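**Student:**
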Amino acid sequence: MKILLTSTSFQDSPGRHHQMLADTGFDIDKLRGPLPERDLLDIIHLYDGVICSDDQYTEEVIKRGAEGKLRIISKYGVGLDSINLEAARKYGVKVTNCPDVNQITVAEHVFALLLTFFRNVHHEYNATTMQGNWIRTIGHDLYGKHLGIVGLGRIGKELARRAVAFGLKVSAYDPFIDEDFITTHGISRFNELAEMTTACDIISLHLPLKKETEKIISAGIISNHIKKGLYLVNTSRAKLVDREALIAALKSGSIAGYLTDVSEVEPIDKDHPLIGMDNVIITSHVGSRTYENIERQGVMAVENLLATLQL
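Under the working numbering, the first residue of the sequence shown is numbered 617, with each subsequent residue one higher.
This is the structure in structure tokens:
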């Protein structure tokens with residue numbers, strides 16, 4: 617068996633997932649992803665399976681793989697928007713991911729972003745104090761703010777639990793909302809996204825990227841249906857937000873801050889218009905990248921691979 621491993625998180629972090637993969641006895645090739653379509657087309661037919669991150673598994677790539685040896689695409693992570701699932705079904709290539717693994721880690725990262733921004737840690741305190749300065753600006757409390765969670769799935773629920781403990785008022789928008797959960801935790805609901813963005817101080821996005829969710833934070837919502845001074849957090853996918861409308865709102869101050877862990881293209885373009893904006897924090901898609909979680913996801917990715925290849 618020949619396996620292609622492209623997930624850099626899997627490769628770069630220690631843990632028992634490495635030994636599990638080595639113990640398979642498979643021939644492992646390692647490349648540093650995410651790989652574009654053009655790079656995959658030349659090699660994908662050589663592999664029985666892959667453990668990937670956000671590589672571009674287009675229909676052409678999957679067809680080429682299926683014409684060769686490819687039987688499984690094991691996604692290290694949750695989101696499958698970079699994999700053409702219809703093509704995978706068409707050509708008989710199994711696709712797996714790692715659900716129910718990283719929700720705690722990502723929810724913690726949301727709070728890391730919020731606390732860093734609200735208390736000016738990112739550019740006022742650490743950077744200036746390390747230079748020998750002593751600047752004391754005024755931050756903001758999270759306590760008492762109204763947090764709107766868009767997508768009350770696994771991550772959204774973990775975020776809600778922490779937000780309630782922090783003393784935030786919490787609301788949720790989700791067409792398939794868990795009534796028992798919101799009742800148990802005292803969470804209110806919005807039936808319309810525009811109503812939520814008008815009412816909340818902070819919006820946090822926790823949705824998969826699909827045709828129906830692309831630009832769900834639309835130019836219309838940003839222009840007409842947001843509370844002035846809104847803080848927007850995005851640890852899901854960059855394309856959930858209309859970028860041009862977002863930038864205009866950040867410049868005007870109608871959106872007070874954009875805290876994101878994702879970019880349309882990753883690694884982020886050096887000339888990306890959000891880079892250098894004072895009211896923006898960008899982390900490099902590390903929301904789920906802790907030692908504990910990398911090991912959990914790595915183990916599951918290997919187990920998913922073996923479940924198919926050892927049938």
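Here a beta-carbon is modelled for each residue, glycine too, at the ideal position from N, C-alpha and C. Nothing here was measured: the structure is a model prediction, and the numbers come from that model.
With DSSP as the reference, label Tyr557 as helix, strand or coil.
**Tutor:** Not covered by the structure: residue 557. The range shown for the chain is 617 to 927.
**Student:** Using DSSP with H/G/I as helix, E/B as strand and the rest coil, what is Ile871?
**Tutor:** strand
**Student:** Within a Cβ cutoff of 7 Å, which residues of the same chain sit near His738, ignoring the five residues on either side of it in sequence?
**Tutor:** Thr732, Ile897
**Student:** Let's test the definition: count the other Cβ atoms within 10 Å of the Cβ of Phe792 and tell me whether it reaches 16, buried, or not, exposed.
**Tutor:** Result: exposed.
**Student:** Determine contact between the region 677 to 692 and the region 704 to 713, defined as no fewer than three beta-carbon pairs at a distance below 8 Å.
**Tutor:** yes
**Student:** Suppose the cutoff is 8 Å on Cβ atoms and the five residues either side in sequence are ignored; what does the same chain contact list for Ala854 look like?
**Tutor:** In its chain, beyond the 5 residues on either side, Thr876, Val878, Ser879, Glu880 have a beta carbon closer than 8 Å to the beta carbon of Ala854.
**Student:** What would DSSP say about Tyr759, mapped onto helix, strand or coil?
**Tutor:** coil
**Student:** Indicate whether Thr745 and Ile754 have their beta-carbon atoms separated by less than 9 Å.
**Tutor:** no
**Student:** Which residues in the same chain as Met893 place their Cβ atom closer than 7 Å to its Cβ, once the five residues preceding and following it in sequence are excluded?
**Tutor:** Around Met893, the same chain offers Leu866 as residues with beta carbons nearer than 7 Å, after the five sequence neighbours per side are excluded.
**Student:** Restricting to Cα atoms, I'd like to know which of Val722, Arg680, His661, Glu653 is closest to Ser820.
**Tutor:** Nearest C-alpha to Ser820: Val722.
**Student:** If I measure Cβ to Cβ from Ile884 and keep anything under 8 Å in the same chain, skipping five residues before and after, which residues do I get?
**Tutor:** Result list for Ile884: Ile891, Ile898, Ser900, in chain order.
**Student:** Is DSSP giving Thr640 helix, strand or coil here?
**Tutor:** coil
**Student:** Reducing DSSP to helix, strand and coil, say where Arg805 ends up.
**Tutor:** strand
**Student:** Quick one: Cα of Ile659 to Cα of Gly649, how far?
**Tutor:** Their backbone Cα atoms lie some 14 Å apart in a straight line.
**Student:** Taking the continuous alpha helix (DSSP H) assigned at Tyr847, which residues delimit it?
**Tutor:** Where Tyr847 is concerned, there is no enclosing alpha helix (DSSP H), although the beta strand (DSSP E) it sits in stretches over 846 to 850.
**Student:** Nearest CA to the CA of His822: which residue from Gly764, Asp671, Gly914?
**Tutor:** Gly764
**Student:** Please go through the same chain and pick out, in chain order, the residues whose beta-carbon is closer than 8 Å to the beta-carbon of Tyr907, but skip the five residues on each side of it.
**Tutor:** Ser629, Pro630, Gly631
**Student:** With a 10 Å radius around its C-beta and 16 neighbouring C-beta atoms as the bar for buried, classify Asn840 as buried or exposed.
**Tutor:** Exposed, by the Cβ-count rule.
**Student:** Report yes if the CB atom of Ala923 is closer than 9 Å to the CB atom of Ser623, and no otherwise.
**Tutor:** no
**Student:** Pull up the distance between the alpha-carbon of Thr712 and that of Glu830, whole angstroms please.
**Tutor:** 23 Å
**Student:** Taking Ile832 as the reference, give the member of Val766, Leu846, Met636, Asp716 with the closest Cα.
**Tutor:** Val766
**Student:** Quick check: the Cα distance between Met812 and Lys646, rounded to an integer number of angstroms?
**Tutor:** Distance between the alpha carbons of Met812 and Lys646 is about 45 Å.
**Student:** Can you find the residues in the same chain that come closer than 6 Å, C-beta to C-beta, to Tyr789, ignoring five residues on each side of it along the sequence?
**Tutor:** So the list reads Val766, Phe806, Leu809, Met812, once near-sequence residues are dropped.
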